[in-house]
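The structure appears below as structure tokens.
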Amino acid sequence: QVQLVESGGGLVQAGGSLRLSCAASGSIFVMNTMSWYRQAPGKQRELVATITTGGTTNYADPVKGRFSITRDNAKNTMYLQMNSLKPEDTAVYYCDARINARDRWGQGTQVTVSS
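All residue numbers for the sequence shown refer to our numbering, where the first residue is 354 and numbers rise by one.
Shown next, in the form of structure tokens:
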């Protein structure tokens with residue numbers, strides 16, 4: 354059974370930094386594009402950043418220049434380095450990965466940015 358587990362969330366002041374991790378485990382034969390999403394209270398889930406197997410990245414406009422997505426294919430792990438955090442970045446952050454031709458989701462990790 355394939356599982357995604359996020360970690361690294363927490364409470365930080367505006368202007369601070371956090372690093373999220375998403376570790377995939379289980380019977381992984383093929384892992385393609387990985388992504389970070391977030392969902393703020395009362396809002397729809399939105400795409401934050403995407404990274405392909407080859408390392409090509411794409412970012413949502415609100416996080417460009419502040420967030421950096423990376424992955425370690427050998428460890429089946431993806432990261433999200435978040436700098437210059439703003440209160441509007443407060444949300445539950447979810448990782449998503451295409452594993453064995455199916456989309457898999459983690460349980461989410463809370464990020465709270467205080468002003």
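We treat Cβ as the ideally placed atom computed from N, Cα and C, and that holds for glycine.
Bear in mind the structure is a predicted one, so any value in this text is a computation, not a measurement.
Would you kindly check if the distance between the Cβ of residue j and the Cβ of residue i is under 8 Å?
i	j	result
R424	L357	no
I381	I404	no
M431	S370	no
Y412	E399	no
V445	Q392	yes
Roughly how many angstroms lie between the CA atoms of residue i and residue j, to the nearest whole one?
i	j	result
K439	G361	17 Å
A450	N429	10 Å
M384	V416	25 Å
A402	N426	17 Å
T406	E441	29 Å
T443	I452	28 Å
S467	T410	28 Å
C448	A367	23 Å
G459	R419	23 Å
G379	G408	22 Å
A376	R455	16 Å
D414	S388	15 Å
Q397	S437	23 Å
V365	L433	15 Å
G363	T386	26 Å
Does DSSP classify residue i as helix, strand or coil?
i	result
A427	helix
Our contact map puts residue i next to residue j with C-beta atoms below 8 Å; I'd like the distance itself, whole angstroms only.
i	j	result
T465	L373	Wrong, their Cβ atoms sit about 13 Å apart, outside the cutoff.
Entirely enclosed beta strand (DSSP E) segments - the stretch 378 to 417, minimum 3 residues: 384 to 392, 399 to 404, 410 to 412
Complete beta strand (DSSP E) runs within the stretch 444 to 468 (minimum length 3 residues, chain order): If you keep only unbroken beta strand (DSSP E) runs of at least 3 residues inside the stretch 444 to 468, you get 444 to 452, 455 to 458, 462 to 467.
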